[in-house]
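*Asks:* Okay, so the sequence shown: first residue is 72 according to the numbering used here, each after it adds one. The beta carbon of each residue, even a glycine, is placed where N, CA and C say it ideally should be.
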Amino acid sequence: MPHITPGGFMVNKDRLKLAFTELLKINSPSGKEGNLAIHLSSVLKEMGLSVGFDSANRVTGGDTGNLIAYLSGDDTLSPLMLNAHLDTVEPTEGRAPLIEGDIIRSDGNGILGADDKSGVACIIEALRVIIENGLPHPPVEVVFTVCEENGLLGVKNLDYSMIRAKMAYAVDTESPYKVVVGAPYHNSIVAKIYGKEAHAGTNPSLGINAIKVAADAISRIALGQIDEETTANIGVIRGGTATNIVPGFVEIKAEVRSHDEEKLERKTREIASELENSCKLFNKEIDGKPVTPRVRYEIGREYNAFRIGKEEEVVKRVFKAASTLKLQLETSVGGGGSDANIFNEKGIMTVVIGTGMENVHTKSEYISLEDMVVCSELLIRMVSYGGS
Numbered sequence: 072m073p074h075i076t077p078g079g080f081m082v083n084k085d086r087l088k089l090a091f092t093e094l095l096k097i098n099s100p101s102g103k104e105g106n107l108a109i110h111l112s113s114v115l116k117e118m119g120l121s122v123g124f125d126s127a128n129r130v131t132g133g134d135t136g137n138l139i140a141y142l143s144g145d146d147t148l149s150p151l152m153l154n155a156h157l158d159t160v161e162p163t164e165g166r167a168p169l170i171e172g173d174i175i176r177s178d179g180n181g182i183l184g185a186d187d188k189s190g191v192a193c194i195i196e197a198l199r200v201i202i203e204n205g206l207p208h209p210p211v212e213v214v215f216t217v218c219e220e221n222g223l224l225g226v227k228n229l230d231y232s233m234i235r236a237k238m239a240y241a242v243d244t245e246s247p248y249k250v251v252v253g254a255p256y257h258n259s260i261v262a263k264i265y266g267k268e269a270h271a272g273t274n275p276s277l278g279i280n281a282i283k284v285a286a287d288a289i290s291r292i293a294l295g296q297i298d299e300e301t302t303a304n305i306g307v308i309r310g311g312t313a314t315n316i317v318p319g320f321v322e323i324k325a326e327v328r329s330h331d332e333e334k335l336e337r338k339t340r341e342i343a344s345e346l347e348n349s350c351k352l353f354n355k356e357i358d359g360k361p362v363t364p365r366v367r368y369e370i371g372r373e374y375n376a377f378r379i380g381k382e383e384e385v386v387k388r389v390f391k392a393a394s395t396l397k398l399q400l401e402t403s404v405g406g407g408g409s410d411a412n413i414f415n416e417k418g419i420m421t422v423v424i425g426t427g428m429e430n431v432h433t434k435s436e437y438i439s440l441e442d443m444v445v446c447s448e449l450l451i452r453m454v455s456y457g458g459s
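(1) What is the DSSP secondary structure of Ala236, reduced to helix, strand or coil?
(2) Across which residues does DSSP place Tyr141 in a beta bridge pair?
(3) Just to confirm, is the Cβ distance from Gly408 to Leu223 under 8 angstroms?
(4) Does the region 289-309 come close enough to the region 210-226 that 3 or more CB-CB pairs lie under 8 angstroms?
(5) What ranges does the alpha helix (DSSP H) occupy inside the region 270-313, keeping only unbroken runs of at least 4 residues that lie completely in it?
(6) According to DSSP, is Met428 helix, strand or coil?
(7) What's the gap between the Cα of Ala303 and the Cα of Gly253?
(8) Terminal residues of the continuous beta strand (DSSP E) containing Glu369?
(9) Compare the beta carbon distance of Ile379 and Met420 with 8 angstroms and say whether it is the shorter of the two.
(10) Please state whether DSSP places Ile451 in a helix, a strand or coil.
(11) Which class does Asp178 belong to by DSSP, given the choice of helix, strand or coil?
(12) I need the boundaries of the alpha helix (DSSP H) containing Lys434, first residue and last residue.
(13) Comparing C-alpha positions only, which one of Leu352, Gly272 and Glu347 sits nearest to Asn315?
(14) When the Cα atoms are used, what is the spatial distance from Gly132 to Gly102?
(15) In whole angstroms, give me the CA-to-CA distance for His270 and Pro318.
(16) Opposite Pro361 in the DSSP bridges: which residues?
(17) Would you kindly check if the distance between the Cβ of Leu206 and the Cβ of Ser447 is under 8 angstroms?
(18) Quick one: residues in its chain with C-beta nearer than 6 angstroms to the C-beta of Leu449, no 5 flanking neighbours on either side, listed in chain order?
(19) Pick from Thr363, Gly190 and Lys227: whose alpha carbon is nearest that of Val423?
(20) Between which residues of its own chain and Tyr231 is the CB-CB distance below 7 angstroms, once the five residues before and five after are set aside?
(21) Given 8 angstroms as the limit, is there contact between the region 393-400 and the region 348-367, that is, 3 or more CB pairs closer than that?
(22) Report the rounded CA-to-CA distance for Met453 versus Asp187, giving the unit in angstroms.
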């Protein structure tokens, strides 16, 4: 059923629902987005867009590169990019979404996949309406990335020679009534602690328990919400081979995020320092020789922060579009990363728009079709000369 909005444009709610549920049926975990990319390539070509792929999969190891499609428009205007990612955080094969009126939710056995197939569906519906109604618009570049969920690998390895746009909208967050204009820096830490193996029953004194060294360090590291701008987490610990062996090795994976780069680096150094201190504390003499556990760590910058002011055209365009719909929007600053972080690094000013997805990455994930309609309506007006 068409959903008529101020201005007379029509979002076809039933078509949007069908397109979204079709996307949900196509399994596309990170690195295995190929079938979904083929489906979308066909859809976009039928709509009149030209479609291409880059070679990002040579780096990601996946079965397809990023999908880049082009809708021709008024060449006197600067091109505009719309972005969403194709991958889901886990496989969804064999699952069927539960549809309860306008609410579409997971069947409870895993995620739904609204992150970010709802973004893909909203972009497609918005472009359909623009094309069907002959609405004026600039050239549009559609970038559907791969491997977003496992480290933003698709956007990091995007072939930017295929992109002309300097302004973009990533359709990949929760509420359609908030515009995400900022996101934090993110450091990853992989630490490997080397103790000394020994038989846990007959000669435990000849070993140094690497897990205990790690636990000692972790007990002194503040985690969670460090301050209003900074978070830290240790999310993975792997070590040991058997209960009768004093573990001689453990690996720890941690992260630090902050909107303040100095705080980010300070907290990152603290984690590394505590690991080093614990190694020193567990120095002992074995067979008459001093033995000290060792730690080796790799620290990587996953992405840089961005913050975009309300005075920028990329933000003003959203609010202008919202005003034509009589919607009240607000800006927000996110705590996670998205393709937008990398686009902004590359000089493509990007904010993040929401689709209504809720409880993402959980078995209770759901989305309201009404929120997806709102997102689609916003996109129509943002693309069509910024809501004019």
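*Replies:* According to the data block:
(1) Along the sequence shown, one-based indexing puts residue 236 at 165. Note: Ala236 maps to coil in three-state DSSP.
(2) If you number the sequence shown from 1, residue 141 lands on position 70. Under DSSP, Tyr141 takes part in a beta bridge, and its partners are Ser121 and Glu212.
(3) Mapped onto the sequence shown, residue 408 falls at position 337. Mapped onto the sequence shown, residue 223 falls at position 152. Yes, the Cβ-Cβ distance between Gly408 and Leu223 is below 8 angstroms.
(4) By the C-beta criterion, the region 210-226 is judged not to be in contact with the region 289-309, since fewer than 3 inter-stretch pairs fall below 8 angstroms.
(5) Runs of the alpha helix (DSSP H) lying entirely within the region 270-313 and spanning at least 4 residues, in chain order: 281-290.
(6) Your numbering for residue 428 matches position 357 in the sequence shown. In this structure, Met428 counts as coil in the three-state DSSP scheme.
(7) On the sequence shown, residue 303 is found 232 positions in, with the first residue counted as 1. On the sequence shown, residue 253 is found 182 positions in, with the first residue counted as 1. In a straight line, the C-alpha of Ala303 is about 18 angstroms away from that of Gly253.
(8) Locating residue 369 in the sequence shown gives position 298, where the first residue counts as 1. Per DSSP, Glu369 is one residue of the beta strand (DSSP E) stretching across Arg365 to Tyr374.
(9) On the sequence shown, position 308 is the one that residue 379 refers to. On the sequence shown, position 349 is the one that residue 420 refers to. A distance below 8 angstroms separates the beta carbons of Ile379 and Met420.
(10) Sequence index remark: in the sequence shown, residue 451 carries index 380 (1-based). Ile451 falls in the helix class under three-state DSSP.
(11) For this step, residue 178 is matched to residue 107 along the sequence shown. In the structure shown, Asp178 adopts coil according to DSSP, grouped into three states.
(12) Looking up residue 434 in the sequence shown gives position 363. Counting along the chain, Lys434 sits inside no alpha helix (DSSP H), nor does DSSP assign it H or E at all.
(13) On the sequence shown, residue 315 is found 244 positions in, with the first residue counted as 1. Taking each of Leu352, Gly272 and Glu347 in turn and checking the Cα distance to Asn315, the smallest one comes out for Gly272.
(14) Numbered from 1 along the sequence shown, position 61 holds the residue referred to as residue 132. Numbered from 1 along the sequence shown, position 31 holds the residue referred to as residue 102. Rounded to whole angstroms, Gly132 to Gly102 spans 7 angstroms at the Cα level.
(15) For the purposes of this step, residue 270 is identified with residue 199 of the sequence shown, where counting begins at 1. For the purposes of this step, residue 318 is identified with residue 247 of the sequence shown, where counting begins at 1. Cα to Cα, His270 sits roughly 9 angstroms from Pro318.
(16) Here residue 361 corresponds to residue number 290 of the sequence shown, with the count starting at 1. In DSSP, Pro361 forms a bridge with Glu356.
(17) Indexing the sequence shown from 1 puts residue 447 at position 376. Indexing the sequence shown from 1 puts residue 206 at position 135. For Ser447 and Leu206, no; Cβs fall outside 8 angstroms.
(18) By one-based count along the sequence shown, residue 449 stands at place 378. Short of 6 angstroms from the beta carbon of Leu449, and not among the five residues preceding or following it, lie these beta carbons of its own chain, in chain order: Ala392.
(19) The count along the sequence shown starts at 1 and reaches residue 423 at position 352. Distance from the Cα of Val423 is smallest, within the candidate group Thr363, Gly190 and Lys227, for Gly190.
(20) Position 160 of the sequence shown, counted from the start, is the residue given in the question as residue 231. The residues are Lys417.
(21) The answer is no - the region 348-367 does not touch the region 393-400, with fewer than three Cβ pairs under 8 angstroms.
(22) In the sequence shown, the residue the question calls residue 453 occupies position 382. In the sequence shown, the residue the question calls residue 187 occupies position 116. Here the alpha carbon of Met453 sits roughly 20 angstroms from the alpha carbon of Asp187.
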